[in-house]
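The numbers in the UniProt record's numbering rise by one with no breaks, and the one at position 188 of the sequence shown is 188. Only one structure is covered here, and it is reproduced in the block below.
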Amino acid sequence: MFNFFGFQRRQTHTTTGVGHTNREFGQMESEIDRIAEESDQSEEEIVLVGTRSDITARSSPSQSPVSPQQQSACQSQTTSESRTAEEVAGGTAAYRPLPPSYQDVTNPRLWKVTLKFSTGDSFEGRYPVIEKATGWFGDLVVETADIVGLMQEGLCLSQENVKVQESYITPAYSQNFKTWYWDRHFTLVDPRWSGTMIVRATNSTVPSKFRIEHLTADHVYRGEVVDAFKTSNWYYCFTRNAPESNANYVLEDTAMKGLWPWPRKDLVP
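Right under this line is the structure:
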């Protein structure tokens, strides 16, 4: 048999003058047994009370069952009100409505510059015609938070802007020309902008020999600047075979340098 503390009882004998007497130990064990019996009885009552079928009859008559509508209202009030830690600590807590579950965060202004390059001079529809053995197409996409500075200072690229560890080539099939191409991918970085460049050619040796310095404004046949989040907002547009539609809505007639195809500073008399 185990006592209240979980230890098995053993008959204890002591010598005279040392420790407690057998009578004292007997009184202690009797007291322990009484505590254990009271504890067992209280636990039994708890179990019985918790499992009685008439448990609802023991509740206070002043408390009525909570309806689903009242429970929903309480939950709504709990989730829509809060107290700050300072107010609770100071004893001046007041209920305040929580903010909405969403945040109305305004996206930072970002402009997307797209320039399309080609070694072809003549057009067939919307696209230039290139030599299959040596020609290539190129797509440059740059995103910047300072479009005015990029136009005023010029869009200039060099090998220093290339993340060499992210340069690779992939095969691709063109639905427009019904032929296979080789695409070389570049990742470009600059303190004022970030971008990507893809060079496409039918001959795999052309992309492998391509260098960023080979890009010039003369190779651009189409260009645009739009809001990165509202692409229907145009700030700049250029089309080589439709010059009447060229426009710069940011700096208007200001001549620009680098890869900007129009208006070009190097062509101003």
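No residue lacks a Cβ here, since even glycine has one placed at the ideal position from N, Cα and C. Remember, it's a predicted structure, so these values are computed and weren't measured experimentally.
Inter-residue Cα distance where the pair is residue i and residue j
| i | j | result |
| --- | --- | --- |
| ASP253 | VAL113 | 18 Å |
| SER122 | GLY223 | 17 Å |
| ASN248 | GLY135 | 29 Å |
| LEU267 | CYS156 | 17 Å |
| PRO128 | ALA145 | 31 Å |
| GLY258 | PHE177 | 31 Å |
| SER174 | MET256 | 33 Å |
| TYR221 | ARG240 | 5 Å |
| LYS265 | ALA217 | 11 Å |
| GLU143 | VAL250 | 16 Å |
| ILE130 | GLY154 | 28 Å |
| THR78 | LYS230 | Only weak support is given to the placement of THR78: the predicted model assigns it a pLDDT of 46, under 50, and the question is left unresolved by the model. |
| VAL226 | TRP111 | 6 Å |
| GLN159 | TRP193 | 15 Å |
| TRP234 | LYS209 | 34 Å |
| ARG126 | GLY120 | 12 Å |
| THR205 | SER245 | 36 Å |
| GLU124 | SER232 | 27 Å |
| LEU215 | PHE137 | 11 Å |
Residue span of the alpha helix (DSSP H) that contains residue i, given as start and end
| i | result |
| --- | --- |
| ILE198 | No alpha helix (DSSP H) holds ILE198; the beta strand (DSSP E) holding it covers 193 to 201. |
Of the listed residues the options, nearest to residue i (C-alpha basis)
| i | options | result |
| --- | --- | --- |
| ARG109 | ALA228, LEU259, GLU131 | ALA228 |
| ASN203 | TYR221, ALA217, TRP180 | TRP180 |
| ASP139 | PRO207, ASN241, TRP262, ARG200 | ARG200 |
| GLU166 | PHE238, PHE186, ASP190, GLU153 | PHE186 |
| PHE117 | SER245, ALA255, PHE238, VAL226 | PHE238 |
| LEU115 | ILE198, PRO243, ASN233 | ILE198 |
| ILE212 | ASN233, ALA242, VAL162 | VAL162 |
| ALA133 | TRP262, LEU215, TRP260, PRO207 | PRO207 |
Rounded distance between the beta-carbons of residue j and residue i, thought under 8 Å
| i | j | result |
| --- | --- | --- |
| VAL141 | GLY195 | 6 Å |
| ASP190 | THR170 | Not a contact, Cβ separation roughly 24 Å. |
| TRP262 | MET151 | Not a contact, Cβ separation roughly 11 Å. |
Residue range of the beta strand (DSSP E) that includes residue i
| i | result |
| --- | --- |
| VAL141 | 137 to 144 |
| VAL148 | No beta strand (DSSP E) holds VAL148; the alpha helix (DSSP H) holding it covers 147 to 153. |
| THR205 | No beta strand (DSSP E) contains THR205, which is instead part of the alpha helix (DSSP H) from 205 to 209. |
| THR114 | 111 to 118 |
| ILE130 | No beta strand (DSSP E) holds ILE130; DSSP gives it neither H nor E. |
Minimum Cβ-Cβ distance from residue i to chain C less than 8 Å
| i | result |
| --- | --- |
| GLN165 | Protein chains in the displayed structure number just one, and chain C is not present. |
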